[in-house]
Amino acid sequence: MRLITKSEKKLLLGWGMLFVASLLVWQAFAQGKKRAYFHLLVTQEKGQNALAQLETNLELLKSKWLRWRKAAEDITALNRYFYGEKTGFEKLRQDLNILFQASVSQVSGVRYDYGNYDDLGIRKVRVNFQLITSYFSFKRFLHELEVFPKFLMVEDMRFSEIDSESGRLRINLILAAYFRR
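Position 134 of the sequence shown, counted from 1, bears residue number 153 in this note's numbering, the numbering being contiguous throughout.
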């Protein structure tokens, strides 16, 4: 007894060949899709890496911008400690006289060395002088200088004479004052 006839065999063979052909076609399409998928996967990974790098750069730029903004605020706050360009020299002389009177000291040989303005519009003026005073008056002078509302900085200090009997000090000082345009 035969289970299938010749025509059914041909039909099954045709269907089988069609099935195998369709599998090959689908395999070819699937291979292309698989390549495209992996290509897109690699592209996505590169994009995510680039995005992570951009986010890192953005954070660095934000922190730099915040530091520059803080520096600008600091410079604005520091402007009140600088002397002005127009009346600053006269004001510096008055301030030094106030400091000298507060310390009850003898001052001699006051010289001013004027520097040039730098790129930021800041100019340093060095004030050289000799101070003859007692130790306690010198401490008071340094304290007054420290709490003074303008930015005066001790740039150099040399003790040229220390008299242990009388307690007198002879000090060569260089103060730096800063001017802003």
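Using N, Cα and C, we set each Cβ at its ideal position, and we do this for glycine too.
Note that the structure is a prediction, hence the values are computed from the model and not measured.
Spatial distance of residue 22 from residue 28 (CA atoms):
10 Å
In three-state DSSP terms, what is residue 185?
coil
Could you have a look at residue 132 and say whether DSSP puts it in helix, strand or coil?
strand
How should residue 107 be labelled, buried or exposed, when 16 other C-beta atoms within 10 angstroms of its C-beta is the threshold for buried?
buried
Do the CB positions of residue 97 and residue 146 come within less than 8 Å of each other?
no
On the DSSP bridge assignment, give the partners of residue 176 in chain order.
Per DSSP, 192.
Spatial neighbours of residue 167 in its chain, beta-carbon cut-off 8 Å, leaving aside the 5 residues before and after:
114, 118
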